[in-house]
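These notes are about the structure you will find just below.
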Amino acid sequence: MISIWVVNIWVSLKLISALFCSLFQLCFLTFFTGSGVAQKVTQDQSDIIRQVGQSVILNCQYEISWSTYYYSIYWYKQLPRGQMTFLILQYSEENNAGNGRYSVNFQKAYKSISLTISALQLEDSAKYFCALRELSRTVKAAHSA
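Position 108 of the sequence shown, counted from 1, bears residue number 112 in the working numbering, the numbering being contiguous throughout.
Structure representation (structure tokens):
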């Protein structure tokens, strides 16, 4: 099962003080398990505008069924032309992940994960997706081996 949310990030070359971000981007996609309990992820941010060189934090809250023991959270970005790019992966039983300019703050107890993108570049202008996937104990054991 996978759940996904989206938030747009727009990176500008100069400060735009009179710009209003009235468009609230939210893509919510949930696939149900056989138990009838859905995993889901949500976000509370609208479009974000930052300057080149700044950092940004994207928040993702999630819900899992009581029977979910292992899970993984993926971050992707979708470029304006539609190409999807994998950014970073966080396993439920591991410490905060990092990958170059991308890092996460994983708060398992609060069912929260945030993605930090540092030193923003124009190429970071994209839609960002947080995706949640249940893992069986067998899959997790194979990953750990």
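Using N, Cα and C, we set each Cβ at its ideal position, and we do this for glycine too.
Note that the coordinates shown come from a computational prediction; the quantities given were computed from them, not determined experimentally.
### Under the three-state DSSP convention, the category residue 98 falls into
Numbered from 1 along the sequence shown, position 94 holds the residue referred to as residue 98. Judged by DSSP in its simplified three-state form, residue 98 adopts coil rather than helix or strand.
### Task
Kindly indicate the opening and closing residues of the beta strand (DSSP E) around residue 54.
In the sequence shown, residue 54 corresponds to position 50, counting from 1. 52-55 is the span of the beta strand (DSSP E), which, as asked, contains residue 54.
### Query
DSSP state of residue 134, grouped into three classes?
Along the sequence shown, read from residue 1 onward, the residue named residue 134 stands at position 130. Residue 134 carries a strand assignment under DSSP once its states are collapsed to helix, strand and coil.
### Query
Is the beta carbon of residue 125 within less than 8 Å of some heavy atom of the ligand MN?
For the structure depicted, the ligand MN is absent and the ligand set is empty, with no information on it obtainable.
### Query
Can you tell which of 137, 123, 131 has the C-alpha that lies nearest to the C-alpha of residue 60?
Position 56 of the sequence shown, counted from the start, is the residue given in the question as residue 60. Nearest C-alpha to residue 60: 123.
### residue 106 versus residue 119 - alpha carbon distance
By 1-based counting over the sequence shown, the position of residue 106 is 102. By 1-based counting over the sequence shown, the position of residue 119 is 115. Spanning the two alpha carbons is a distance of roughly 7 Å.
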